[in-house]
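Visitor:
In my numbering, the protein residues as written are 9 to 326.
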């Protein structure tokens with residue numbers, strides 16, 4: 009594929025499972041075909057939080073990436089999440105992902121940082137080591153500001169200066185930090201793109217001058233997210249607000265007050281099942297399964313958002 013310009017709406021996709029909770033490759037391929045009927049999709053991101061990365065093995069993440077690359081077949085860029093606890097395991101998986109033909113890696117922070125924290129030097133060393141070890145574009149996944157794995161402005165600016173780092177997936181969930189970090193990245197390397205990942209606050213974060221969105225809701229409503237972003241880019245905030253208001257019922261049904269947990273990924277699957285894009289909405293434990301009541305609430309929220317649903321369905325948990 010030609011050089012990727014990391015702008016627009018990137019869909020962080022779910023991971024379909026069979027009734028036995030194994031990867032459902034056929035269902036994934038059918039879902040990708042549905043997703044790519046939407047010309048607004050700039051790229052596909054597999055095996056990230058929306059894809060239940062913490063419930064996947066490294067081998068499954070590689071299998072997901074290979075399936076996406078083979079089935080998407082160059083229609084849009086494919087990004088695979090890189091989830092590891094240190095440089096050595098990260099490089100092992102990164103090289104396997106590179107061999108699948110993905111266009112980039114979404115570099116997530118090691119999760120032991122959530123407990124123990126890290127220094128700026130450690131995070132910069134982690135990202136630099138991955139950049140030196142693969143020939144792929146890197147998107148940095150920024151965690152919420154109230155976690156010990158969050159990146160400060162100095163770290164993000166340092167990442168932006170690394171040649172292989174092409175984009176920041178900005179997810180501070182703190183407006184002051186979000187604005188400061190954008191300024192720092194722009195000053196350090198203006199060509200590094202910034203993609204909001206605030207599913208629950210799309211418009212409020214788009215108007216800060218970002219280059220698009222990398223969001224799970226992009227796997228359900230790519231056209232609406234893209235239209236909102238395009239309206240912001242034109243300076244047409246009235247239209248952007250109208251779009252935000254129209255999809256507010258389903259956004260709220262999935263993401264609630266904005267404290268996003270694992271249950272949201274199941275609710276997203278329920279919405280995709282309701283519109284006919286997935287065969288079920290199974291999640292792996294320990295995530296709570298979606299109940300019939302959950303499903304009907306999601307279905308009602310889709311209707312309130314004027315999103316067409318498939319023929320009436322009850323739950324599909326098997």
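The beta-carbon is built from N, C-alpha and C at its ideal position, and this holds for glycine as well.
Across which residues does DSSP place residue 25 in a beta bridge pair?
Guide: Looking up residue 25 in the chain shown gives position 17. According to DSSP, which records beta bridges pairwise, residue 25 is partnered with 31.
Visitor: Can you tell me where the alpha helix (DSSP H) with residue 261 in it begins and where it stops?
Guide: Taking the first residue of the chain shown as position 1, residue 261 is located at position 253. Element bounds for residue 261: 245–263.
Visitor: Hey, quick one: how far does the beta strand (DSSP E) through residue 153 stretch, first residue to last?
Guide: Within the chain shown, numbered from 1, the residue matching residue 153 stands at position 145. First-last for residue 153: undefined, no H or E at that position.
Visitor: Between the Cα of residue 145 and the Cα atoms of 185, 269, 103, 163, which residue gives the shortest distance?
Guide: Reading the chain shown from its first residue, position 137 is the one you call residue 145. Comparing Cα-Cα distances from residue 145 to each of 185, 269, 103, 163, the minimum goes to 103.
Visitor: Reducing DSSP to helix, strand and coil, say where residue 9 ends up.
Guide: Start at 1 with the first residue of the chain shown, and residue 9 comes out as number 1. Because residue 9 sits at a pLDDT of 43, beneath the cut-off of 50, its placement in the model cannot be relied upon, and the point is left open.
Visitor: Write down every uninterrupted run of the beta strand (DSSP E) in the region 146–205 whose length is 3 residues or greater and which is fully enclosed by it, in chain order.
Guide: List check, beta strand (DSSP E) in window: 173–178, 201–204.
Visitor: When you compare only the Cα positions, how much space is there between residue 160 and residue 189?
Guide: Here residue 160 corresponds to residue number 152 of the chain shown, with the count starting at 1. Here residue 189 corresponds to residue number 181 of the chain shown, with the count starting at 1. Rounded to the nearest angstrom, the two C-alpha atoms are 7 Å apart.
Visitor: In whole angstroms, what is the alpha-carbon distance linking residue 33 and residue 95?
Guide: Taking the chain shown and counting its residues from 1, the one referred to as residue 33 is at position 25. Taking the chain shown and counting its residues from 1, the one referred to as residue 95 is at position 87. If you take the alpha carbons of residue 33 and residue 95, they lie about 29 Å apart.
Visitor: Within 10 angstroms of its Cβ, does residue 181 collect 16 or more other Cβ (buried), or is it exposed?
Guide: Taking the chain shown and counting its residues from 1, the one referred to as residue 181 is at position 173. Answer is buried; the Cβ neighbour count reaches 16.
Visitor: Figure out for me which residue from 139, 155, 149 has the closest Cα to the Cα of residue 124.
Guide: Along the chain shown, one-based indexing puts residue 124 at 116. Checked all of 139, 155, 149; the closest Cα to residue 124 is 155.
Visitor: Relative to the alpha-carbon of residue 311, which residue among 149, 272, 257 has its alpha-carbon at the smallest distance?
Guide: Stepping through the chain shown from its first residue, residue 311 is reached at position 303. Nearest C-alpha to residue 311: 257.
Visitor: Under 8 Å, do residue 277 and residue 263 count as touching if we go by C-beta distance?
Guide: Indexing the chain shown from 1 puts residue 277 at position 269. Indexing the chain shown from 1 puts residue 263 at position 255. For residue 277 and residue 263, no; Cβs fall outside 8 Å.
Visitor: Rounded to the nearest angstrom, what separates residue 4 and residue 24 at their Cα positions?
Guide: Because residue 4 is not part of the residues shown, which for the chain are 9 to 326, the question remains open.
Visitor: So who's on the other strand from residue 114, going by DSSP bridges?
Guide: For the purposes of this step, residue 114 is taken as the residue at position 106 of the chain shown. Its beta-bridge partners are 89, 147.
Visitor: Under 8 Å, do residue 282 and residue 225 count as touching if we go by C-beta distance?
Guide: On the chain shown, residue 282 is found 274 positions in, with the first residue counted as 1. On the chain shown, residue 225 is found 217 positions in, with the first residue counted as 1. No, these two residues do not count as a Cβ contact at 8 Å.
Visitor: Just the Cα atoms here: how many angstroms apart are residue 306 and residue 43?
Guide: Indexing the chain shown from 1 puts residue 306 at position 298. Indexing the chain shown from 1 puts residue 43 at position 35. Those two C-alpha atoms are separated by around 19 Å.
Visitor: For my contact list, residue 22 and residue 58 are in at a C-beta cut-off of 8 Å; report their separation, rounded to the angstrom.
Guide: One-based indexing of the chain shown puts residue 22 at position 14. One-based indexing of the chain shown puts residue 58 at position 50. Sure, about 6 Å apart at Cβ, within 8 Å.
Visitor: What's the gap between the Cα of residue 37 and the Cα of residue 71?
Guide: Position 29 of the chain shown holds residue 37. Position 63 of the chain shown holds residue 71. When rounded, the distance between both Cα atoms is 12 Å.
Visitor: Between 133, 85, 93, 162, which has its C-alpha nearest residue 112's C-alpha?
Guide: In the chain shown, counting from the first residue as 1, residue 112 sits at position 104. Answer by Cα proximity: 85.
Visitor: Using only CA atoms, which one of 200, 97, 39, 221 lies nearest to residue 207?
Guide: To locate residue 207, count along the chain shown from 1; it is residue 199. For residue 207, the nearest C-alpha among the options comes from 221.
Visitor: If we call anything under 8 Å between Cβ atoms a contact, is residue 80 one with residue 110?
Guide: Position 72 of the chain shown, counted from the first residue, corresponds to residue 80. Position 102 of the chain shown, counted from the first residue, corresponds to residue 110. Contact: no.
Visitor: Give me the Cα-Cα distance between residue 279 and residue 91, rounded to the nearest whole angstrom.
Guide: The count along the chain shown starts at 1 and reaches residue 279 at position 271. The count along the chain shown starts at 1 and reaches residue 91 at position 83. If you take the alpha carbons of residue 279 and residue 91, they lie about 26 Å apart.
Visitor: DSSP has residue 76 in a bridge; who is on the other side?
Guide: The sequence position of residue 76 within the chain shown is 68, counting from 1. Residue 76 pairs with nothing; no bridge assigned.
Visitor: Mapping the DSSP letters down to three states, classify residue 16 as helix, strand or coil.
Guide: Residue mapping note: residue 16 aligns to position 8 of the chain shown, counting from 1. Looking at residue 16 - three-state DSSP - the assignment turns out to be strand.
Visitor: Please classify residue 272: is it buried, with 16 or more other beta-carbons within 10 angstroms of its beta-carbon, or exposed?
Guide: To locate residue 272, count along the chain shown from 1; it is residue 264. Looking at its Cβ environment, which holds 16 or more other Cβ atoms inside 10 Å, residue 272 is buried.
Visitor: Considering only heavy atoms of the ligand NAD, does any lie closer than 7 Å to the CB of residue 76?
Guide: This structure does not include the ligand NAD; it has no bound ligands of any sort.
Visitor: Expressed to the nearest angstrom, what Euclidean distance is found between the alpha-carbon atoms of residue 141 and residue 13?
Guide: Within the chain shown, numbered from 1, the residue matching residue 141 stands at position 133. Within the chain shown, numbered from 1, the residue matching residue 13 stands at position 5. Using only the alpha carbons, I get a separation of about 22 Å.
Visitor: Return the first residue and the last residue of the alpha helix (DSSP H) that residue 101 is part of.
Guide: If you number the chain shown from 1, residue 101 lands on position 93. Its alpha helix (DSSP H) spans residues 95–108.
Visitor: Suppose contacts are defined by Cβ-Cβ distances below 8 Å. Is residue 69 in contact with residue 115 by that definition?
Guide: Indexing the chain shown from 1 puts residue 69 at position 61. Indexing the chain shown from 1 puts residue 115 at position 107. No, the Cβ-Cβ distance between residue 69 and residue 115 is not below 8 Å.
Visitor: Compute the beta-carbon to beta-carbon distance between residue 136 and residue 170, rounded to the nearest angstrom, for a pair I have assumed lies under 8 Å.
Guide: For the purposes of this step, residue 136 is taken as residue 128 along the chain shown, with counting starting at 1. For the purposes of this step, residue 170 is taken as residue 162 along the chain shown, with counting starting at 1. About 6 Å; that satisfies the 8 Å criterion.
Visitor: Counting only beta-carbon atoms, is residue 126 nearer than 8 Å to chain D?
Guide: The structure shown has no chain D; it contains just one protein chain.
Visitor: Would you list the one or two residues that DSSP bridges to residue 52?
Guide: As a working note, residue 52 is residue 44 in the chain shown. DSSP, once it has assigned bridges, lists 19, 86 as partnering residue 52.
Visitor: So, at 7 Å on beta carbons, what are the nonlocal neighbours of residue 98 in its own chain, with the 5 sequence-adjacent residues on each side left out?
Guide: Working through the chain shown from its first residue, we reach residue 98 at position 90. Hits under 7 Å: 90, 92, 138.
Visitor: Just verifying my parser: in three-state terms, what is the DSSP assignment at residue 310?
Guide: Numbered from its first residue, the chain shown carries residue 310 at position 302. Here residue 310 sits in helix by DSSP.
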